[in-house]
Amino acid sequence: MKKILLLGSTGSIGINTLNVVRAFPDKFQITGLTANENIEELEKQIKEFSPSLAAVRDQQKANELQNKLNKTRIISGEEGLLEIIKEGNYDILVSAIVGFAGLKPIIEAIKLNKRIALANKETLVVAGKLITELSLKHKSQIIPIDSEHSAIFQCLVGEEKASINKLILTASGGPFLDRNNNELEKVTIDEALNHPNWKMGNKITIDSATMMNKGLEVIEAYWLFGLPKEKIEVIVHPQSVIHSMIEFIDGSIKAQLSTPDMKLPILYALSYPDRYNYNPVVTDLKKIQTLTFFEPDFDKFTCLKLAYSVIDSGDLAPCILNAANEVAVELFLNGKIRFLDIPNLIEEALNKHSMSGMADLESIVGCDLTIRNFLTRKFT
Ligand code: NDP
Ligand code: MG
């Protein structure tokens, strides 16, 4: 029985993780759950999975919940996530929080030698070096949940790193693949939130529309698989059936395919190195029939270009990119800026801040805060 602590259980990945866990009551046990605000959903989850611990950020909401439930201890406050990491009884941490908030809990879990099933890609973007070094030192394994990285991880089984010629990350291209720059000027929030293939949280859905999501994934792949950025290629594949590929030095290409459904990479991260018998996700290639591929348009999707550029622009550059993107996406979702302002604000943040410096936790936290303050001030 593997014990699981699930951070961000009320989100899209969190709920899908619980769908997977529900299918294997004799293999997985939930021992901890966390949410930010969605107390109603968390309450339902606690009643069903009976974890010994849960964490809620808001103190008052935590108290209300504690009064209703007496078998689960509810931790609250800013430090609640760190407390549950330290006090929880678990083998695997599923990190399904969105954004920078996931960083400190992951670092603490790595120090405790836990297996990390990682959905929260922003943490590897901002602190890739630190996380990689710590996970080596503490022998904590990071298994990706992101479908592209899971695909590559699966294709790597039985292979040597030296045999890789390049990684090929597939991208759906999002809802605006066929729009030109003039049309992009006018897109609405609802159009940007309408992803053709995946149902996900709002932040990653906007990242998919700007293609920043693919940019973040290039950086994520850089750290997970330790290859130079020239060996990480992005290819647009609108059907999202091939989740990514590896081209080997002998010219062979391995790919991993399925109907787009996050339950599969989540299950693999939990069951690895085994595979479990599971049938809710069916892939009928006869119905899919056509798979297409083409070059991404780097001039239209500036975010993708910016993400490639920060990989070797200084240790803090990815942190600036990520913080600026998180703020810009929030501003867009609140109707304060237009879609094409997102890449412009990120570029401005990168141009106006020093990208060099130590990438230790304190500097990363400081850099993140500086960029948030810089951009938030512009709009208040
Ligand atoms: P959601 O927005 O659906 O869920 C986010 C979760 O994190 C919720 O449980 C939310 O709680 C919690 N949360 C948000 N902010 C905080 C905070 N400051 N402190 C603590 N908890 C917080 O996001 P997704 O599930 O879509 O994505 C989660 C991560 O997984 C992201 O990093 C994303 O890039 C990555 N990912 C997602 C995929 C997907 O298919 N959705 C695919 C691949 C990667 P509450 O509900 O209470 O607000
Ligand atoms: Mg992905």
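One gets the numbering used here by counting positions in the sequence shown from 1 and adding 49 to each. Every residue, glycine too, gets a C-beta built ideally from N, C-alpha and C. Because the structure is a prediction, the values reported are computed rather than measured.
Are the region 303-310 and the region 327-344 touching, with three or more C-beta to C-beta distances below 8 Å?
-> As far as the Cβ criterion goes, the region 303-310 touches the region 327-344, which means the pair count is three or higher.
Reducing DSSP to helix, strand and coil, say where E127 ends up.
-> coil
Extent of the continuous alpha helix (DSSP H) to which Q115 belongs | Per DSSP, Q115 belongs to the alpha helix (DSSP H) from 108-117.
Assumed close pair A150, G129 - CB separation to whole angstroms, cut-off 8 Å | So it is not a contact: roughly 11 Å between Cβ atoms.
Run the proximity test for N169: is its beta-carbon closer than 8 Å to any non-hydrogen atom belonging to the ligand MG?
-> no
Please name the residue in T341, G222, L319, L399 whose C-alpha comes closest to that of H244.
-> G222
Collect the residues with a C-beta less than 7 Å away from any heavy atom of the ligand MG and give them in sequence order along the chain.
-> This criterion selects D195, S196, E197, N262, E266.
Range covered by the beta strand (DSSP E) that runs through M294 = 291-297
Closer than 8 Å: E251 CB and nearest the ligand NDP heavy atom = Checking the displayed sequence, the identity of residue 251 turns out to be Asn instead of Glu. With a cut-off of 8 Å, the C-beta of N251 is classified as near the ligand NDP, since at least one heavy atom of the ligand falls inside that distance.
CB-CB under 7 Å to L389, same chain, minus the five flanking residues each way: which ones, in chain order?
-> Correct list, in chain order: L233, E234.
Considering A104, what are the terminal residues of the beta strand (DSSP E) in which it resides?
-> 102-105
Whose CA, out of I134, A304, E86, lies closest to the CA of E113?
-> E86
Skipping 5 residues on each side, what residues in its chain have a beta carbon closer than 7 Å to that of E240?
-> P224
Completely contained beta strand (DSSP E) runs for the region 193-240, where each covers 3 or more residues = 213-220
Can the beta-carbon of L265 be found closer than 9 Å to that of N116?
-> no
Leaving out five residues before and five after G137 in sequence, what residues of the same chain have Cβ atoms less than 7 Å from its Cβ?
-> L54, T80, G81, L102
Taking only the alpha-carbon atoms, compute the straight-line gap between I291 and Q109 and give it to the nearest angstrom.
-> 45 Å
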